[in-house]
Amino acid sequence: MSSQPLIRPEVAGLPDYNAGLALDRFRSVYGIDAVAKLDSNESPLGPSPAAVQAIRDAAAGVGRYPDASDEALRQGIGQANGVDPDTVILGNGSEDLIGAIYRAVLRPGDRVVTICPSFGLHEFGARACGAVVDKVSFPPDWRFPADALIAALAQPARILIFSSPSNPAGPAVPQADFAQLLAAVPQGALVVFDEAYREYLSDDLAFDALAMLREAGHPWVSLRTLSKAYGLAGARVGYGICSDAELVRALRKTRNPFAINALAGAAALAALQDTGHLARVVALTTSERNRVAQGLRATGYEVAPSHGNFLFFRTPDRAADFAEALRRQGVLIKAWQEEPFLDWARVTIANRSENDAFLAAIPAVRSGAR
1 MSSQPLIRPE VAGLPDYNAG LALDRFRSVY GIDAVAKLDS NESPLGPSPA
51 AVQAIRDAAA GVGRYPDASD EALRQGIGQA NGVDPDTVIL GNGSEDLIGA
101 IYRAVLRPGD RVVTICPSFG LHEFGARACG AVVDKVSFPP DWRFPADALI
151 AALAQPARIL IFSSPSNPAG PAVPQADFAQ LLAAVPQGAL VVFDEAYREY
201 LSDDLAFDAL AMLREAGHPW VSLRTLSKAY GLAGARVGYG ICSDAELVRA
251 LRKTRNPFAI NALAGAAALA ALQDTGHLAR VVALTTSERN RVAQGLRATG
301 YEVAPSHGNF LFFRTPDRAA DFAEALRRQG VLIKAWQEEP FLDWARVTIA
351 NRSENDAFLA AIPAVRSGAR
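Residue 66 in UniProt numbering is what sits at position 66 of the sequence shown, and the numbering runs on without skipping anything.
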């Protein structure tokens, strides 16, 4: 008997999550080794050695459940960000918290406002709850669409959610635009500011978003992760800084009780303390991002202005075909699967050798696509 009748229509109609391909899976499918894995925005230097050692040290204790209150890690995050630990919520990656937020707040028919292109779970998690998602597209010049978002917020909305730097495109919201957006948020709506790539912001674009969120007077969550710049993608550690402890208590009820496993928690705490490793990752990524962008543009590709650890570029044909041709050369990038950006792809900025392998593979793929 089929289980199909049991599945809610909101869930059945969702697309699959567009995940990167694990290396062992890639070898199994394609029969070759990858020369450049650039499809998941992972760190080119991996995690801090201190984080790896913390995992080893904690391994002997995995026969016990971790601390359900996440006390040590919340204290560490609070200290690192200058916030009350009681306003910090932990998740199995920040996407775990996106789902927890939606389950706690959204009702069928509620309206969520976001941007396009965007991180898929900003949309899918809301739709799974029966919400209506209003997506505001970036303009052709990739200027952050603040005016269009403000216009969208003129209608009733339950949640405003977007990332900055924006995944997959890369633009960051300017401080003045962020202030105008907060002023336009309807009374009682929740602001979810996804700062997964905040560590890569240059000084001229960085600002104290937490202070601005506090002053705006709306309930809010700032989402952050240790998967990107901190290199702990496999450990799955994300966190949210919330407007108040009451919101944290609600989210604890809609996420898993033990969101952070003992090994991940130990690694995260060590990674937060190794600021030197973080600085090296950001410096390498910024330098290589500029170099790869110049290489793409010199070859005739349109590239969105990125402030993350990735670039979003227009492919000669359908991005899925372009990415598939690159995979057969051992280079993994992510073809975007969101209308109307099916001829755009995202490439992670890695170390110099992987980036060179990507740039070297493009001419053959491009000529084959013609």
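Using N, Cα and C, we set each Cβ at its ideal position, and we do this for glycine too.
query	result
Exposure label - ALA154; buried when at least 16 CB within 10 Å	exposed
C-alpha distance - ALA274 paired with ILE260, whole-angstrom precision	Looking at the sequence shown, residue 274 is not Ala but Asp. Using only the alpha carbons, I get a separation of about 20 angstroms.
Inter-residue Cα distance where the pair is ASP321 and ILE333	11 angstroms
Residues that LEU223 bridges to, as DSSP identifies them	ASP194 and GLY240
C-beta contact flag for ILE115 and PHE138 at 8 angstroms	yes
Simplified DSSP assignment, three categories, for ASP147	helix
Cβ distance (whole Å) where LEU326 is taken to contact ALA361 below 8 angstroms	6 angstroms
CB of LEU14 within 8 angstroms of CB of VAL105, strictly	no
8 angstroms contact criterion, which GLU195 and SER227 should meet: CB distance rounded	Not quite, the Cβ-Cβ distance comes to about 13 angstroms (not below 8 angstroms), so this is no contact.
Residue span of the beta strand (DSSP E) that contains PHE313, given as start and end	310–314
C-alpha distance - ARG111 paired with VAL248, whole-angstrom precision	22 angstroms
ARG370, buried or exposed, once every other Cβ within 10 Å from all chains shown has been counted against 16	With a pLDDT of 42 at ARG370, under the threshold of 50, the modelled position of that residue is not reliable, and no figure is offered here.
Spatially closest choice to ILE349 from VAL281, LEU23 and LEU269, by CA coordinates	VAL281
Contacting residues, own chain, Cβ-Cβ under 8 angstroms from ASP16 (five flanking each side not counted)	none
Coarse secondary structure for LYS135, derived from DSSP in three states	strand
CA-to-CA distance, GLY300 to PRO168, given in whole angstroms	20 angstroms
For PRO281, the three-state DSSP class (helix, strand or coil)	Sequence check: residue 281 is Val here, not Pro. Helix.
SER353 classed as buried or exposed, judged by whether at least 16 other C-beta atoms fall within 10 angstroms	exposed
Cβ neighbours of GLU10 in the same chain (closer than 7 angstroms, five flanking residues each side left out)	ARG127, ALA128 and GLY130
Alpha helix (DSSP H) segment containing PHE341, residue limits	Here PHE341 belongs to no alpha helix (DSSP H), and DSSP marks it neither H nor E.
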